[in-house]
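Engineer:
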Amino acid sequence: LLQRRGRCLPVGRGGGRGPLRGGLRAAPARRRRHGRRRPRQPCHFLLSFCRVSKELYAPALGGIMLSIGIKLSFDDFALAFKRPVPLSIGYMAQYMLKPLLGVLIARVFRMPSAFFAGFMLTCCVSGAQLSSYASFLGKGDVALSILLTTYSTISSVIVTPILTGLLIGSVVPVNGIAMAKSILQVVLLPVTLGLLLNTYAKPVVNVIQPVMPFVAMVCTSLCIGSPLAINRTMLLSSQGFMLLLPIVTFHIAAFVVGYWVSKLPQLRQEEPVCRTISVCTGMQSSTLAGLLATQFLGISQAVPAACSVVVMAIFGLTLASYWGSGMRIRDIPSRFFPQASADARS
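Each residue of the sequence shown is one higher than the one before, starting from 1 at the first, in the UniProt record's numbering.
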């Protein structure tokens, strides 16, 4: 029996002249008419990012930096002279402790050479703009977070090429001058433009400011999705799985180091300041690292930066939500071992 259009039709007799014979004869014709079916491609959404050209990375990152610049004013820079100690601690954690932490983790986990340079570059870039929102969510010092992100972003024109040359110059040739020019174009110029617009063209800022978060989200998606899509085969290989654990360990360690370095007796800061320094240390501008890796190191070296964006967003916002709910780091053991914590207090 052949079921067709909801009815059971009898098989024809006498040489097969019934509907079944006609259906079988029509099948090859239908196949020829419509063509062969293409094999199903997995991850259509991810594969669509393969069409994003790397020439679009710089304008995309420029859009992100412009969204930072329109929130700044010249008064923000004057605040740095009023709060030099917390700003110095955060800056030191950003550009001294975090690169050293990256070197240690890369050696311990024996980072594959296909990702080593990109991973180290990710450890040497400025703070992420998402850290300001995480500081707000975690009841931290939002003004300090904005200052740290601004100063680390502006100084990245000089600091990032120097650190990259020192840490990976013996492994991969790094053109520090060209890298500084690239950072100047995609970071400093958009931030300066946003600052000038916010100061002298406030009506223009009032028009574009509502759409800038959406623009920043789209630009970030382009900078993340394209390296992941292009290197999906390498990412799903054994080398790709070896990359995930070092990145997770790096971000967890960066959050912890940033918090406790500001708790040292000689540098002791208030709790909101400690939370802000922790968040700013654990969250860096991985989109900038992805752009620089694509331009100077190769597209495969942009994979660590793309993975870092996802990991730091998950861990950073989770930690900020934990703090925002009124919990503290010292309360974590009591969550898992309530009886032991009660005995210790008694």
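Glycine residues also receive a C-beta, built at the ideal position from the N, C-alpha and C atoms.
Values in this document were obtained by computation on a predicted structure and should not be read as measured data.
Given THR249, which residues of its chain have a CB within under 7 Å of its CB, disregarding the five upstream and five downstream residues?
Structural biologist: Closer than 7 Å at the Cβ level, and outside the excluded window around THR249, lie ILE105.
Engineer: How many angstroms separate the CA atom of GLN209 from the CA atom of THR287?
Structural biologist: In a straight line, the C-alpha of GLN209 is about 21 Å away from that of THR287.
Engineer: Are the CB atoms of ALA253 and LEU130 within a distance shorter than 9 Å?
Structural biologist: Against a cut-off of 9 Å, the Cβ pair of ALA253 and LEU130 comes out as no contact.
Engineer: Going straight from the alpha carbon of THR233 to that of PHE214, what length do you get?
Structural biologist: Distance between the alpha carbons of THR233 and PHE214 is about 30 Å.
Engineer: Can you tell me whether GLY258 sits near the ligand PLP, meaning its C-beta is under 8 Å from at least one heavy atom of the ligand?
Structural biologist: This structure lacks the ligand PLP; in fact it carries no ligand of any kind.
Engineer: List the DSSP bridge partners of GLN209.
Structural biologist: Answer is none; GLN209 lacks a bridge partner.
Engineer: By alpha-carbon positions, which one of LEU292, ILE68, LEU144, SER156 ends up nearest to LYS82?
Structural biologist: Comparing Cα positions, the closest option is LEU144.
Engineer: Secondary structure at TYR322, three-state DSSP: helix, strand or coil?
Structural biologist: Three-state DSSP puts TYR322 in a helix.
Engineer: Here's a check: name, in chain order, each residue in its chain whose Cβ is nearer than 6 Å to the Cβ of HIS251, leaving out the five neighbours to either side.
Structural biologist: The answer, listed in chain order, is GLY282, VAL311, MET312, PHE315.
Engineer: Whole angstroms is fine: what's the gap from GLY298's alpha carbon to ALA60's?
Structural biologist: Distance between the alpha carbons of GLY298 and ALA60: 18 Å.
Engineer: Buried or exposed for SER78, please, with buried defined as at least 16 other CB atoms from any protein chain shown within 10 angstroms of its CB.
Structural biologist: Strictly speaking, residue 78 in this sequence is Ala, with Ser absent from that position. ALA78 comes out exposed.
Engineer: With a 10 Å radius around its C-beta and 16 neighbouring C-beta atoms as the bar for buried, classify ARG110 as buried or exposed.
Structural biologist: So ARG110 ends up on the exposed side.
Engineer: List the endpoints of the continuous alpha helix (DSSP H) containing LYS71.
Structural biologist: Here LYS71 belongs to no alpha helix (DSSP H), and DSSP marks it neither H nor E.
Engineer: With distances taken Cα to Cα, identify the nearest neighbour of THR318 among ARG268, ALA134, PRO112.
Structural biologist: Of the candidates ARG268, ALA134, PRO112, the one whose C-alpha sits nearest the C-alpha of THR318 is ALA134.
Engineer: Evaluate the contact criterion for the stretch 113 to 123 versus the stretch 82 to 93: three or more CB pairs, one atom per stretch, below 8 Å.
Structural biologist: The stretch 113 to 123, when compared against the stretch 82 to 93, does not touch it at the 8 Å Cβ threshold.
Engineer: DSSP state of GLY127, grouped into three classes?
Structural biologist: GLY127: strand per DSSP, three-state reduction.
Engineer: Assuming VAL303 and LEU243 are in contact, meaning their beta carbons sit under 8 Å apart, how far apart are those beta carbons, in whole angstroms?
Structural biologist: VAL303 to LEU243, Cβ: 7 Å. Contact.
Engineer: Give me the DSSP bridge partner(s) of GLN284.
Structural biologist: Note: GLN284 sits in a beta bridge opposite GLY127.
Engineer: THR153 and GLY176: beta carbons closer than 9 Å?
Structural biologist: No, the Cβ-Cβ distance between THR153 and GLY176 is not below 9 Å.
Engineer: Could you check the C-alpha separation between VAL261 and LEU196 for me, to the nearest Å?
Structural biologist: VAL261 and LEU196: Cα-Cα distance of roughly 35 Å.
Engineer: Rounded to the nearest angstrom, what separates LEU245 and ARG268 at their Cα positions?
Structural biologist: Their backbone Cα atoms lie some 31 Å apart in a straight line.
Engineer: Which of the three DSSP states is assigned to ALA201 in this structure?
Structural biologist: Here ALA201 sits in coil by DSSP.
Engineer: How many angstroms separate the CA atom of VAL257 from the CA atom of ALA305?
Structural biologist: Roughly 20 Å between the two C-alpha positions.
Engineer: Could you tell me the distance, in whole angstroms, from the CA atom of CYS280 to the CA atom of ARG107?
Structural biologist: So the two alpha carbons sit approximately 24 Å from each other.
Engineer: Out of LEU163, VAL204, SER155, which has the shortest C-alpha to C-alpha gap to LEU189?
Structural biologist: The option with the nearest alpha carbon to LEU189 is SER155.
Engineer: Express the C-alpha separation of PHE296 and LEU97 in angstroms, rounding to a whole number.
Structural biologist: Roughly 24 Å separates the two Cα atoms.
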